[in-house]
Every structure is written in structure tokens, then in C-alpha cells.
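S.K.:
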Amino acid sequence: MMDLENDLTKTVLNNYIDKDKFLSTGNLSARLILNHGQNDNVYRVLKMELATCKSFTFAVAFVTQEGFTSFLTVLSDLAKRGIHGRVLTSTYLYFNEPEAFRSLMKVPNIETRIFNERDPKTNKKLPFHAKGYLFEHEGYRSAIIGSSNLTSGALISNYEWNLNVNSLDNAEITEQINLQIEAEWRKATPLTEQWLSQYQKHYDQNNLIESGIAENKYSNKIQPNKMQKEALGEIQSLRQSGENKALIISATGTGKTYLGAFDVRTFKPKRFLYVVHREQILQKSKQSFYNVIGGNYSDYGIYSGNHQEGLNSKYVFATVQTLAKDENLKKFAKDAFDYILFDEAHHLGAAQELKIFKYFRPKFCLGMTATPERTDDFNIYKLFNYNIAYEIRLQNALDQDMLCPFHYYGVEDYIYQNELINGASSLNRLVSDERVNYILQQTDYYGYSGRILHGLIFCSRKKEAEILAEKLTKKDCPSLAIRN
């Protein structure tokens, strides 16, 4: 305790008297948290405080589901240690969505109340616009007061001003903050299902959205986005310099298929071949190319085990499994296609795809992938003569608002009777009622965007997928097993 007092004494002298004369230990120094131009942002500081506290209170006007759920993992760890916290928030301007309140209610070690201070003269509810975070530690308190609400922007990316101060338990500044919180907490309304049901009605009334279909008054023609325009320019430059191969590295969801279609539209091939390893992709890709290129729909055909109309089509969409068979491959001349596109080109290290790649002699070949790096040391770059026309990774795509932001949670492994249950476990263990319940419990805790749950579960075998889908459906979570 004496060491803590000495540290804080040095910190006070450093912070408020003379920073050159009195050197602080640094651990308990007051500081300004801006999000920009620093190693720390508000989110990281809050996580650090949560990880070491005995209890905590967030008093914030605005809470978003995205902002709050970013702390779910650390809150789960705190719950196991018996550490509880409080959230005091508001209905000011109806900013807080009902889904945010539902997320708060799911966390067992969080108690939430709604600010309910009223003007003594008019009895009208006062607007609550506070932003403060208070943490109780062993022997001292820490507070963050400033401009950051519990939203993802305010915690990570916005330019914010927040003062982080530390004091002993009986110090004046943090005691003032604590007393103010306690006064408002006693008057506040507990967050309950009944309260939320009423709030949902008021929220909907104040957020009516006119329904209708937006009409594009300029053109119905699909146009490339900024990333696609840049990539198309780079591909064209490579062709003009005499190159006949190029590789596009682009994160999933950034429009690779449409990018390929735009370039085919520019190239105007006499005949085009699209190769992918899964038949499920073909139908959608065929439609995307037709949406961009147009012409006669009969010019577009699929060549796979179940469809053979693509054999004589101008635009052929083929699966690797069908095309790689010798009897099928020889139905096409080596120069039958002047443009070939390999989707998910990282699979070209496999014997079947490499066989197709080496067989044909197109005028131009484009490979597209989100993951060019392989664990078997096969060099995808070399296949395309190291011509990387364009590259946009996941973080770049998020920074450019091309993808919906997401949260990634590392959920604890499911353990049953001291046995770790994973893909190598017996089928009975994988589809047990206990494991199904565990999946649903974790889904409920970590939540999802919107009012309807949509999810994807990768299974180790077809039978597991079928039984899990059946059991989840019986538990009011409609599910379907998708088989290759």
C-alpha cells in the first residue's frame, strides 16, 4: 500500500506541479486519450482497465450493439472471476437501439439502468449526455471522463478527448465521480423485459422508415466501384505491355466476380472460360457475368457433371472436376478460349486445376483469390509470371467501407466430461444435446446484428451437418444441411 501511495504522490507532482522536476512512475499518470496519434485508443484502455478491476461502472448516454459487444469476451472472463459491473445509460434522442439493450441484458454480470433524472420545476426528463467510466481496483480507483460514448467509432476511430485519472480510494476527484454516479443510479429505472417492450414501441414510432424501391434515374447498367476501376486499369496496362497473365488478390466480398466480368466485357473475347472448383458457385457467377456483359442468355452455359449445355457456349462456366477428366478436356481445342478466368486461383496447386491451366493456350488468363499464400509452398505467383494486377486485403476493404464491419470472437472449446470435443471426436459427441445447447448458448451470449439470426456452421462430416440441422430446427432455430 505504501508503494502505491508513493507512486501516486509522484504522479500528482508530475501531473500538476512540474513534469520536469518530479518524474512520475508512469503506471498511474493522468493522460489524455485521443484515439489518434497514440499507441492507445479508448477501446484498448477500457479493456486494460476491465482486465485488472474489482468492479466497474459505465455511465454513457449512447450505447450501440457493435460498441458493447466488442467487450463480450473480456466480460465473460470477468464473470468467471465473480466480477460484476454496471451500465447507466439513457433513451436520449432514441439513439440507443432496442438490440443494444437486449445485448446488455444477456450478460449475467452486468446490471443496466436507464437515467431517469427529472427537472424539479417541469417534471420533464432531463437529457442525459454523460460519458464516464469508473473502475475499482485493489487500493485505488481509475476514471475516464470525456467525449466517448460506448460506440465503436467513439472507442476506436473518432477524434475524441478523454482524460484518464487515477487516485486512492478516498481521493476527492474520483469520489465526486462515484457519488454522482450513485445518486443517478438510485433514481434510474432498471432495464427489464417489460421496460424494453415499451421502449421498442416508442422507438419504432420515432424511427418510422418509409418503404419503397429506389429508382436509378441515370442508368440501370452496372458500373465498377472505385477498387474495380483501379484493378481494371492495372490489368489493361499489363496487357498493353505484352503480358498474357495476371493475378488479382482481393478479400472475400469485395466484388471479384463482377471485376472479372467487367474485364471480360472490355476484352470482348470470341470465347470465354470460367473455372472454379465448386458447382454451387457456377450458377451465381453465370448470372453475374450476364448482368454485366448482357447479350443473349443462351450464350452462357454451365459445363459440369449435372449440366452439359456449356460445351458449345460462348461463355462457358465449368467445374474443375468435370473439365479435368481427359475425355472432357479433349473436347476443347487448346486454343478454344481466348480468355480464361480461374476463380479461387489458390487451388491451382492441386493436380486437377494445374492440369487445366497447362492444357489451354488462351490469349489472356486471369487468376483471382483472397488467399494466395499456401501451406504446401506451391508458388501461385510464379504461375502468373508474378504479375499482381491489384491487391486489396481484408483491412484495406474494411477501411474503404467495402465490407460490413464484423467482430471476431474466440469462443472457448466445448469440453464434455473432461474431453475436448472437436472434428476428430465421435459423431455422437459432435451432435449431442449438450453440444447443441452449448452452440445456442454461445450464439445468444455473443449476439448477432439485426432481429433475425443468420449463421453458418462448418461441420466435419455430412452426417454431423444433417443431425445438427435437425436438432437446431427442433429448438426453434430453423436450419438446413448443405451437401456438396
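Just so we're aligned: 270 in numbering that gives the first Met the number 0 is position 271 of the sequence shown, and the numbers increase by one with no gaps anywhere. Built from N, CA and C at the ideal position, the CB exists for glycine as well.
1) List in chain order: all unbroken alpha helix (DSSP H) runs of 4+ residues lying wholly within the region 422–446.
2) What span of residues does the alpha helix (DSSP H) with phenylalanine 359 cover, start to end?
3) Would the beta-carbon of tyrosine 132 fall within 8 angstroms of that of leucine 31?
4) Could you tell me whether the region 407–414 touches the region 236–256, where touching means 3 or more Cβ pairs closer than 8 angstroms?
5) Can you tell me which of the three DSSP states isoleucine 466 falls into?
6) Distance check for phenylalanine 55 and leucine 87, CA to CA, integer angstroms please.
7) DSSP on valine 164, reduced to helix/strand/coil?
8) Measuring straight from C-alpha to C-alpha, what distance separates glutamine 227 and tyrosine 158?
9) Please report the distance separating the alpha-carbon of valine 430 from that of lysine 470.
10) What is the rounded straight-line gap between the Cα of isoleucine 208 and the Cα of histidine 201?
11) Which whole-angstrom value describes the C-beta separation of isoleucine 234 and arginine 264, a residue pair presumed to lie in contact below a C-beta threshold of 8 angstroms?
12) Looking only at DSSP bridge pairs, what is lysine 244 linked to?
13) Give a yes or no on whether the C-beta atoms belonging to valine 41 and alanine 153 are separated by under 8 angstroms.
14) Of the residues Glu242, Gln286, Leu167, Glu174, which one's Cα is nearest the Cα of isoleucine 221?
15) Look at the alpha carbon of asparagine 327 and the alpha carbon of serine 303, and state the distance between them as a whole number of angstroms.
16) Could you name the residues of the same chain whose beta carbon sits closer than 8 angstroms to that of tyrosine 415, not counting the 5 residues immediately before and after it, in chain order?
17) Whether or not the region 332–351 and the region 184–201 are in contact is what I'm after, with contact meaning three or more pairs of Cβ atoms, one per stretch, closer than 8 angstroms; do they touch?
18) Going by DSSP in three states, glycine 232 sits in which element: helix, strand or coil?
19) For the putative contact between phenylalanine 359 and leucine 382, defined by C-beta atoms under 8 angstroms, what is the C-beta separation to the nearest angstrom?
20) Report the rounded CA-to-CA distance for arginine 270 versus asparagine 311, giving the unit in angstroms.
21) By Cβ distance, which residues of its chain are closer than 6 angstroms to asparagine 421, with the 5 residues on each side in sequence left out?
22) Based on Cα-Cα distance, which residue from Glu96, Ala78, Ile82, Lys130 lies nearest to phenylalanine 57?
23) Which whole-angstrom value is the C-beta distance of leucine 467 and cysteine 458, which I expect to be below 8 angstroms?
24) Which same chain residues, not among the five before or five after asparagine 215, have their C-beta less than 7 angstroms away from its C-beta?
25) Any idea if arginine 450 is buried or exposed, counting beta-carbon neighbours within 10 angstroms, 16 or more meaning buried?
26) Suppose contacts are defined by Cβ-Cβ distances below 8 angstroms. Is isoleucine 387 in contact with leucine 231 by that definition?
27) What are the complete beta strand (DSSP E) segments, minimum 3 residues, inside the region 132–184?
28) Closer than 6 angstroms by C-beta to glutamate 98: which residues in its own chain qualify, once you throw out the five before and the five after it? Chain order, please.
29) With a threshold of 8 angstroms, are at least 3 pairs of Cβ atoms found where one atom belongs to the region 136–154 and the other to the region 162–179?
30) Between alanine 344 and glycine 366, is the Cβ-Cβ spacing less than 8 angstroms?
31) State the beta-bridge partners of serine 54 as determined by DSSP.
32) Restricting to runs no shorter than 4 residues, where is the alpha helix (DSSP H) found entirely within the region 70–119?
33) DSSP puts tyrosine 273 in a beta bridge; with which residues?
34) So isoleucine 339 packs on leucine 281, CB below 8 angstroms; how close in whole Å?
35) With DSSP as the reference, label valine 41 as helix, strand or coil.
36) If you count every other CB in all the chains shown that lies within 10 Å of the CB of isoleucine 481, and 16 or more means buried, which is it?
M.R.: For this structure:
1) 426–429, 432–445
2) Run containing phenylalanine 359: none; DSSP gives neither H nor E here.
3) no
4) no
5) helix
6) One C-alpha to the other measures close to 11 angstroms.
7) strand
8) Between the alpha carbons of glutamine 227 and tyrosine 158 lies a gap of roughly 30 angstroms.
9) 8 angstroms
10) Low per-residue confidence applies at isoleucine 208: pLDDT is 35, beneath 50, and the placement is therefore not dependable enough to give any value.
11) The Cβ separation is near 12 angstroms, so there is no contact.
12) Cys364
13) yes
14) Gln286
15) 10 angstroms
16) Arg428, Ser431, Glu433, Arg434
17) no
18) helix
19) With a Cβ gap of about 13 angstroms, phenylalanine 359 and leucine 382 do not count as contacting.
20) 10 angstroms
21) none
22) Lys130
23) Contact flag correct, Cβ pair sits at about 7 angstroms.
24) The predicted model places asparagine 215 with a pLDDT of 31, which falls under 50 and marks its position as unreliable; any figure quoted below should be read in that light. Nothing meets the Cβ criterion.
25) exposed
26) no
27) You should have 139–145, 161–167.
28) Gln64
29) yes
30) yes
31) Glu135
32) 71–79, 97–105
33) Answer is Phe316, Leu340, bridged to tyrosine 273.
34) Going by Cβ atoms, the distance from isoleucine 339 to leucine 281 rounds to 15 angstroms, so no, they are not a contact pair.
35) helix
36) The residue in question, isoleucine 481, is exposed, as its Cβ has fewer than 16 Cβ neighbours within 10 Å.
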